[in-house]
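K.L.:
End of the sequence shown sits at 243 in my numbering; the numbers just go up one at a time, nothing left out.
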Amino acid sequence: MSDLLLMPVFNEAATVGAVLDAVREHFEGEILVVNDGSTDGTSTVLAGRGDVAVIAHPVNLGYGRALAEGFAVARTHGVSRIVTMDCDGQHEPSHIEQFLAELDASGMDIVSGSRYLPNSPQVSAAPSSRREINARVSEYINRVTGWSLTDAFCGFKAYRMQSLAGLELREAGYAMPLELWAKAYRRGLRVMELPVERIYCDHDRTFGHDLDDPEVRFDYYMRVWNAALEEEAC
Numbered sequence: 010m011s012d013l014l015l016m017p018v019f020n021e022a023a024t025v026g027a028v029l030d031a032v033r034e035h036f037e038g039e040i041l042v043v044n045d046g047s048t049d050g051t052s053t054v055l056a057g058r059g060d061v062a063v064i065a066h067p068v069n070l071g072y073g074r075a076l077a078e079g080f081a082v083a084r085t086h087g088v089s090r091i092v093t094m095d096c097d098g099q100h101e102p103s104h105i106e107q108f109l110a111e112l113d114a115s116g117m118d119i120v121s122g123s124r125y126l127p128n129s130p131q132v133s134a135a136p137s138s139r140r141e142i143n144a145r146v147s148e149y150i151n152r153v154t155g156w157s158l159t160d161a162f163c164g165f166k167a168y169r170m171q172s173l174a175g176l177e178l179r180e181a182g183y184a185m186p187l188e189l190w191a192k193a194y195r196r197g198l199r200v201m202e203l204p205v206e207r208i209y210c211d212h213d214r215t216f217g218h219d220l221d222d223p224e225v226r227f228d229y230y231m232r233v234w235n236a237a238l239e240e241e242a243c
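(1) Suppose the cutoff is 6 angstroms on Cβ atoms and the five residues either side in sequence are ignored; what does the same chain contact list for D219 look like?
(2) Among the residues of its own chain, which have a CB less than 7 angstroms from the CB of G50, if the five just before and after it don't count?
(3) Answer yes if the stretch 195 to 207 comes into contact with the stretch 90 to 108, meaning at least three C-beta pairs across the two stretches below 8 angstroms, and no otherwise.
(4) For T93, name the three-state secondary structure that DSSP assigns.
(5) Ignore the nearest five residues each way along the sequence and tell me which others in C199's own chain have a CB closer than 6 angstroms to its CB.
(6) Kindly indicate which residue of G46, D97, Y230, F19 has the alpha-carbon position closest to the one of D30.
(7) Can you tell which of F80, L55, M16, N44 has its C-alpha closest to the C-alpha of R169?
(8) Who are the near neighbours of T229 in its chain, counting only those whose CB is closer than 7 angstroms to its CB and skipping five residues on each side?
(9) Look at the alpha carbon of S52 and the alpha carbon of V68, and state the distance between them as a whole number of angstroms.
(10) Of all the options A65, Q99, N44, which has the alpha carbon lying nearest to the alpha carbon of F165?
(11) Report the start-end ranges of each beta strand (DSSP E) in the stretch 19 to 65 that is 3 residues or longer and not cut off at the edges.
(12) Taking its Cβ as the centre, do 16 or more other Cβ atoms sit within 10 Å of A110, making it buried, or is it exposed?
(13) Return the CA-CA distance between L15 and E39, expressed in angstroms with no decimal places.
(14) Measure the alpha-carbon distance for L238 versus G57 and round it to whole angstroms.
(15) In chain order, what residues of the same chain have a beta carbon less than 6 angstroms from the beta carbon of F36, not counting five sequence neighbours either side?
(16) List, from N- to C-terminal side, the beta strand (DSSP E) runs of 3 residues or more that fit wholly inside the stretch 154 to 200.
(17) Does R207 come out as helix, strand or coil in the three-state DSSP assignment?
(18) May I ask you to report which of helix, strand or coil DSSP gives P120?
(19) Under the rule that 16 or more other beta-carbon atoms within 10 Å means buried, what is N235, buried or exposed?
(20) What did DSSP end up calling L70 once you bin it into helix, strand or coil?
(21) Suppose you measure from the CA of N143 to the CA of G46; what does that come to, to the nearest Å?
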């Protein structure tokens, strides 16, 4: 196995089938879907597809946990390049080939999508609180690392698996990208961004309990970032 597309899924019965069809038009490698405890019929949709591998969690374990499990599978199956994307319709599968080509041409370790580069097409506006937190977090990361990230949270990425050897992701929730960036920085990994469409389909999405408060959520992200920096420094 050389290339793998990894897709975490939670309650996306309305979109997962169409997204997988679109992925198949642009990607010939293996597809791994981590069904993270969906209760809405996603499991039924996935059961009807013979062109994808599925890991099914009996309960929701979190976005970060789903990705970490997919990375573990990639390591044990000889994957050299891995693409991650969401399946809610916010990521355009037509960019997959570009991500992989840029990974090879640039020599980067991680190629990450950005919805906020000057040439990123805006299809729909981002919820203001999420845009503001993303900007604050990205600016903070850049001050520490010297990078020029514009979108710390985009899930559309391509990775060189060799570069992730030994990198363990422990954060189960939506702060996992902060852990990833911190550990990538400590290891000297090379990162770049590619413009992707700004498409938001979930304006009413909640983060759960206190995390719906933007300041509480920002503090949570910073705790994960700082803990990951300290862990990698040991």
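Ideal Cβ placement from N, Cα and C applies to all residues, glycine included.
P.N.:
Result, derived from the coordinates:
(1) V225, listed in sequence order.
(2) A22
(3) yes
(4) strand
(5) Going by the sequence as given, residue 199 is Arg instead of Cys. Exclusion of the five residues before and after R199 leaves M117, D118 as the residues of its chain whose Cβ lies within less than 6 angstroms of its Cβ.
(6) It is D97.
(7) F80
(8) Going by the sequence as given, residue 229 is Tyr instead of Thr. Within the same chain, Y229 has close Cβ partners A184, L220.
(9) 12 angstroms
(10) Q99
(11) 39 to 45
(12) exposed
(13) Counting only the Cα atoms, E39 lies some 9 angstroms from L15.
(14) 42 angstroms
(15) Leaving aside the five residues that flank F36 on each side, the residues in its chain whose CB is nearer than 6 angstroms to its CB run, in chain order, L14, I105.
(16) 166 to 169
(17) R207 falls in the strand class under three-state DSSP.
(18) It is worth fixing the name first, because residue 120 is Val in this sequence and not Pro. In this structure, V120 counts as strand in the three-state DSSP scheme.
(19) The residue is exposed, with fewer than 16 neighbouring Cβ atoms inside 10 Å.
(20) coil
(21) 27 angstroms
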